[in-house]
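> Mind having a look at this structure? Questions to follow.
Number of protein chains: 2
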Amino acid sequence: MSILVVGSVFFDDIETPHGKAARALGGAATYFAVAASFFAPVQMVAAVGDDFPREEMDFLAQRGVDVSGLQVRSGRTGFWAGRYHEDMNRRDTLDLQLNVFADFRPELSPSHRTAEYVFLANIDPRLQSMVLDQLAAPSLIGCDTMNHWITESRADLEPLLQRVHVLAINDEEARLLSGEQNIVLAARRLLAMGPKRVLIKRGEYGVLQFSPESIFAVPAFPLEQVFDPTGAGDTFGGGFMGQLARSGDTSEAGIRRAIVYGSVMASFVVEDFGLNRLRGLTHAMVDQRYRQFVSLTDIDGA
Amino acid sequence: MSILVVGSVFFDDIETPHGKAARALGGAATYFAVAASFFAPVQMVAAVGDDFPREEMDFLAQRGVDVSGLQVRSGRTGFWAGRYHEDMNRRDTLDLQLNVFADFRPELSPSHRTAEYVFLANIDPRLQSMVLDQLAAPSLIGCDTMNHWITESRADLEPLLQRVHVLAINDEEARLLSGEQNIVLAARRLLAMGPKRVLIKRGEYGVLQFSPESIFAVPAFPLEQVFDPTGAGDTFGGGFMGQLARSGDTSEAGIRRAIVYGSVMASFVVEDFGLNRLRGLTHAMVDQRYRQFVSLTDIDGA
Numbered sequence: 347m348s349i350l351v352v353g354s355v356f357f358d359d360i361e362t363p364h365g366k367a368a369r370a371l372g373g374a375a376t377y378f379a380v381a382a383s384f385f386a387p388v389q390m391v392a393a394v395g396d397d398f399p400r401e402e403m404d405f406l407a408q409r410g411v412d413v414s415g416l417q418v419r420s421g422r423t424g425f426w427a428g429r430y431h432e433d434m435n436r437r438d439t440l441d442l443q444l445n446v447f448a449d450f451r452p453e454l455s456p457s458h459r460t461a462e463y464v465f466l467a468n469i470d471p472r473l474q475s476m477v478l479d480q481l482a483a484p485s486l487i488g489c490d491t492m493n494h495w496i497t498e499s500r501a502d503l504e505p506l507l508q509r510v511h512v513l514a515i516n517d518e519e520a521r522l523l524s525g526e527q528n529i530v531l532a533a534r535r536l537l538a539m540g541p542k543r544v545l546i547k548r549g550e551y552g553v554l555q556f557s558p559e560s561i562f563a564v565p566a567f568p569l570e571q572v573f574d575p576t577g578a579g580d581t582f583g584g585g586f587m588g589q590l591a592r593s594g595d596t597s598e599a600g601i602r603r604a605i606v607y608g609s610v611m612a613s614f615v616v617e618d619f620g621l622n623r624l625r626g627l628t629h630a631m632v633d634q635r636y637r638q639f640v641s642l643t644d645i646d647g648a
Numbered sequence: 347m348s349i350l351v352v353g354s355v356f357f358d359d360i361e362t363p364h365g366k367a368a369r370a371l372g373g374a375a376t377y378f379a380v381a382a383s384f385f386a387p388v389q390m391v392a393a394v395g396d397d398f399p400r401e402e403m404d405f406l407a408q409r410g411v412d413v414s415g416l417q418v419r420s421g422r423t424g425f426w427a428g429r430y431h432e433d434m435n436r437r438d439t440l441d442l443q444l445n446v447f448a449d450f451r452p453e454l455s456p457s458h459r460t461a462e463y464v465f466l467a468n469i470d471p472r473l474q475s476m477v478l479d480q481l482a483a484p485s486l487i488g489c490d491t492m493n494h495w496i497t498e499s500r501a502d503l504e505p506l507l508q509r510v511h512v513l514a515i516n517d518e519e520a521r522l523l524s525g526e527q528n529i530v531l532a533a534r535r536l537l538a539m540g541p542k543r544v545l546i547k548r549g550e551y552g553v554l555q556f557s558p559e560s561i562f563a564v565p566a567f568p569l570e571q572v573f574d575p576t577g578a579g580d581t582f583g584g585g586f587m588g589q590l591a592r593s594g595d596t597s598e599a600g601i602r603r604a605i606v607y608g609s610v611m612a613s614f615v616v617e618d619f620g621l622n623r624l625r626g627l628t629h630a631m632v633d634q635r636y637r638q639f640v641s642l643t644d645i646d647g648a
C-alpha cells in the first residue's frame, strides 16, 4: 500500500558542534519520503525551484518515491540555515527563505487522490485541509504541525485536527496546543480535540503514544554521537507511516511496532548531516536496529 | 536477604507548584529504606537529633526497618528547605542545616558488618569508603553521589568508585563526573572508572542502565500529576536494591526487573509530598503498577 506525503522540500545549511553542511537536501516531506521509502512506495507532493538538481530528483526516484507530484516552479527551492547549540536540543534559525514554497498549493492528481495512507507534514493547516478535501477515502491520516501554526493559525488548525487519525508533534508543541504543562494531561486534551492517537516526540528521550485506552513509551536509541538532529521528527514519521502501510496492521501492537520502526529510522538519520545516513542504509541495517530496540526495552531480556 | 543503607535523615520544608509541606520526613537514607522495605528487611545507619519524633521511629520500625544503627545525637536533625519551579526539573535550595549530620561517622555493629546488599546513599565519599572498610563480604554494593562531591572531593570519590558494583546517579552528575556531554560516552567512561553497571536517572524521562555488554532503557511512569519530586531518585534506589535482595537475581534480566521495581516505587513517591504516598502503599498496588510498566513498554503488547 502506498503512502502520500504533502509538505516541504528545502535546502538546508546546517551547523552543529560536529561540523557544517551546505545546501543539504532537506524539508519535512523529503525526510519523511526517504524514510518511508524503506517500507512502501511513496507519493510526494511538494514544490521545488528550477534550481532543484537532477541528481536529487533521481535519488528520490531510485528510492521508489513517485515525484510526479513535485511541482517544479520558476524560482529557487526553499532554503533554511540553522545552528545547533552544544546542547543540541536547542538551535537558532539563521536564515529562512520560502522562495517557491511561499505560493505552494497542493494539487493532487487522480492517482494521488485515492491514497489510503496520508501524511500531512508540517505546513499551513489551510493547505493540510486542502489535501484532505481532495482525497477519496483515506484510511489513515497522520499530521504534524509546529509552534507557528499553533499560535498564528489555531482557527485553521482545530477543525483540521478533527479530521486526522494520528497527530505527531513534539512535547513543546503538545504543551502549547493543549495549554497543559503535564504531558499526560496535554495528551488527553489533544485526544479530545479529534485525533484517535497522539504521538509525542521527545527527541533524545524518545516517543510517547497516547490513545484513549493505553500509553506506550519507547526510548530514543542511545547513540554515542548525534551528528545532526535536523529532520529526526519527520524521519520518525516516515518510518512510522511506512511500516503501517507495509503491514496494514493498525492494531495497538501494529501501531507500537510502527513507532519503533519510526524510532529506528530517526536514530539513523541523526548519525550524519541531513539525510546522508539514509542514502547508504540497507534493510538489513534497519532490521538489525529494530532488534536492538527490542533488546534495549525488554524488561525480561538478557 | 537484608539490605544495609547508610546516608542522611532530614526534615524537609518543600514547596512545589501544587502546595507546601513543613518538616516532612526526608533524607536519602529514609526514602531508600522505606522503599526497600516493601521488598526485604532493611538496616539503616544514619544520625538524627534528639528532636526526632517517636512516631517516625515507630513508622520505620513498623516498615521492617532495623533502626538500631540510627545514632540519636544531642542536637537537631538535619533540615533542608527547597522550592520547585513550575518546571519541576528545577528547584532552589532555600535553607540547609546539617545539624547533627555534620559530625556523622558511620559505625557498623556486628550485625551490620555482614550485610550482603549495601547501598551508599549520597554522603561524603570518605564516609562511604569508611562503610566499605567495615564490611565483611558484601556481594552487591550500590552507590549514589552528587555534584558537590564530584567537584569538591573527586580524589576521595574516584577510589571509592573502584569498589562499588552499581553507580546510580542522575544525567547531570554523569556528565560532570565523566566530562562527557553525550550520555552514552559518559556512561562508558564511568564504567571504566570501576562500577560494573551504571544507572543514569533522568527524572521524568526514566532510567538508562549501562553495562559493558548491554543498554537497557525504561521510561518513567507517565503521571497526570507530579506532586513533589523530592526523594524520587533515592526511592528508585530503594526499590531497585530491594528487589535484588528479595530475588537474589543479579542476572541481566534480574537487574532489569529490579530497575522497573525501582521505577515503580519512584512513580508512587512523587504523587504526594515527602514519602507520604509510601505510607499507605500496599504490595498489591506495587505489583499492579509493575504490570502497568510492562504494558507501557511492551512493543508487541496490546
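In the order they appear, the protein sequences are chains P and S.
Each number in the working numbering corresponds to the 1-based position in the first sequence with 346 added.
Each number in the working numbering corresponds to the 1-based position in the second sequence with 346 added.
All C-beta atoms, glycine included, are put in the ideal place defined by N, C-alpha and C.
1. Identify, in the order they occur along the chain, each residue of the same chain with its Cβ nearer than 6 angstroms to the Cβ of S:Gly540, setting aside the five sequence neighbours on each side.
2. Rounded to whole angstroms, what's the CA-CA distance from S:Gly365 to S:Gly585? Just pull it up for me.
3. With 8 angstroms as the limit, tell me which residues of the segment 620-645 of chain S have their beta carbon closer than that to any beta carbon of chain P; keep them in chain order.
4. Please report the Cβ distance between P:Phe378 and P:His629, rounded to the nearest whole angstrom; I am assuming they are in contact, meaning their Cβ atoms lie under 8 angstroms.
5. Please report the residue range of the alpha helix (DSSP H) in which P:Leu522 lies.
6. Please report the Cβ distance between S:Val512 and S:Leu545, rounded to the nearest whole angstrom; I am assuming they are in contact, meaning their Cβ atoms lie under 8 angstroms.
7. Which partner residues of S:Trp426 appear in the DSSP bridge assignment?
8. Inspect the CB distances between the segment 455-470 of chain S and the segment 603-611 of chain S and report whether three or more fall short of 8 angstroms.
9. Which stretch, first to last residue, makes up the beta strand (DSSP E) that contains S:Ala375?
10. Is the segment 605-625 of chain S touching the segment 572-581 of chain S in the sense that three or more CB pairs, one from each, lie closer than 8 angstroms?
11. In chain S, which residues lie with their C-beta within 9 angstroms of the C-beta of P:Tyr551?
12. Alpha carbon to alpha carbon, what distance is there between S:Ala591 and S:Phe447?
13. Under 8 angstroms, Cβ to Cβ, is there at least one residue of chain P near S:Ile561?
14. Let me check understanding here. Comparing Cα to Cα, which of S:Phe562, S:Leu478, S:Gln638 and S:Leu627 lies closest to S:Pro505?
15. First and last residue of the alpha helix (DSSP H) that includes P:Met347?
16. So what's P:Phe447 in DSSP terms, helix, strand or just coil?
17. Following the continuous alpha helix (DSSP H) through P:Gln527, name the residue where it begins and the one where it ends.
18. Given a cut-off of 8 angstroms, decide if S:Arg637 and S:Phe567 are closer than it, judged by their beta-carbon atoms.
19. By alpha-carbon positions, which one of P:Thr581, P:Asp595, P:Glu519 and P:Asp646 ends up nearest to S:Ala563?
20. Could you please tell me which residues of the segment 504-538 of chain P, in chain order, have their CB closer than 9 angstroms to any CB of chain S?
21. Drop a sphere of 10 angstroms on the beta-carbon of P:Glu550, count the other beta-carbons inside from all chains shown, and report buried for 16 or more, exposed for fewer.
22. Based on the DSSP secondary-structure assignment, which residues constitute the bridge partners of P:Arg459?
23. Please check the pair P:Ala392 and P:Arg419, which I expect to be a contact at CB under 8 angstroms, by giving their CB distance rounded to whole angstroms.
24. From what residue to what residue does the alpha helix (DSSP H) around S:Ala604 run?
25. Taking the beta carbon of S:Thr497 as the centre, do at least 16 other beta carbons fall within 10 Å, making it buried, or is it exposed?
26. At a Cβ threshold of 8 angstroms, is P:Ala599 touching chain S?
27. Using a cut-off of 7 angstroms between C-beta atoms, extract the partners of S:Leu569 located in chain P.
28. When you compare only the Cα positions, how much space is there between P:Phe578 and S:Gly488?
29. Please work out which residues of its chain come closer than 6 angstroms, Cβ to Cβ, to P:Thr651, disregarding the five sequence neighbours upstream and downstream, and give them in chain order.
30. Do you know whose CA, among P:Glu361, P:Leu371 and P:Ser475, lies nearest P:Asp404's CA?
31. When we look at the beta-carbon of S:Ser609 and count the other beta-carbons within 10 Å, is it buried (16 or more) or exposed?
Let's see:
1. Here the set comprises Leu507 and Gln508.
2. One Cα belongs to S:Gly365, the other to S:Gly585, and the distance between them is close to 26 angstroms.
3. Answer in chain order: Phe639, Val640, Ser641, Leu642, Thr643, Asp644 and Ile645.
4. About 18 angstroms separates the two Cβ atoms, so there is no contact after all.
5. Boundaries of the alpha helix (DSSP H) around P:Leu522: Asp517 to Ser524.
6. Sure, about 6 angstroms apart at Cβ, within 8 angstroms.
7. S:Asp358 and S:Leu442, per the DSSP bridge assignment.
8. Taking 8 angstroms as the limit for Cβ pairs, the verdict is that the segment 603-611 of chain S does not touch the segment 455-470 of chain S.
9. Taken as a continuous stretch (DSSP letters only), S:Ala375 belongs to no beta strand (DSSP E), being part of the alpha helix (DSSP H) at Ala374 to Ala382.
10. Inter-segment contact for the segment 572-581 of chain S and the segment 605-625 of chain S is present: three or more beta-carbon pairs are separated by less than 8 angstroms.
11. Residues of chain S passing the Cβ test: Arg548, Glu550, Tyr551, Gly552 and Pro565.
12. Between S:Phe447 and S:Ala591, the alpha-carbon positions lie close to 28 angstroms from each other.
13. Among the CB atoms of chain P, one or more fall inside 8 angstroms of the CB of S:Ile561.
14. Answer by Cα proximity: S:Leu478.
15. Element bounds for P:Met347: n/a, residue is neither H nor E.
16. Helix, per DSSP.
17. In the DSSP annotation of this structure, P:Gln527 is not part of any alpha helix (DSSP H), being labelled neither H nor E.
18. No; because the gap between Cβ atoms is not below 8 angstroms, this pair is not in contact.
19. The residue with the shortest Cα to Cα distance from S:Ala563 is P:Asp646.
20. When CB distances to chain S are screened at a threshold of 9 angstroms, the residues of the segment 504-538 of chain P falling below it are Gln527, Asn528, Ile529, Val530, Leu531, Ala533 and Arg534, in chain order.
21. Label assigned to P:Glu550: buried.
22. According to DSSP, P:Arg459 bridges with nothing at all.
23. Taking the Cβ atoms as the reference, P:Ala392 lies roughly 11 angstroms from P:Arg419, outside the contact range of under 8 angstroms.
24. That run of the alpha helix (DSSP H) goes Glu598 to Val615.
25. That one is exposed.
26. Under the 8 angstroms criterion on CB atoms, P:Ala599 is classed as interfacial with respect to chain S.
27. Those are Val530, listed as they occur along chain P.
28. The sequence given here has Ala at residue 578 of chain P, not Phe. Rounded to whole angstroms, the separation of the alpha carbons of S:Gly488 and P:Ala578 is 36 angstroms.
29. Look at the range of chain P in this structure, 347 to 648, and you will see that residue 651 of chain P is not part of it.
30. Among P:Glu361, P:Leu371 and P:Ser475, the Cα nearest to that of P:Asp404 belongs to P:Leu371.
31. The residue is buried, with at least 16 neighbouring Cβ atoms inside 10 Å.
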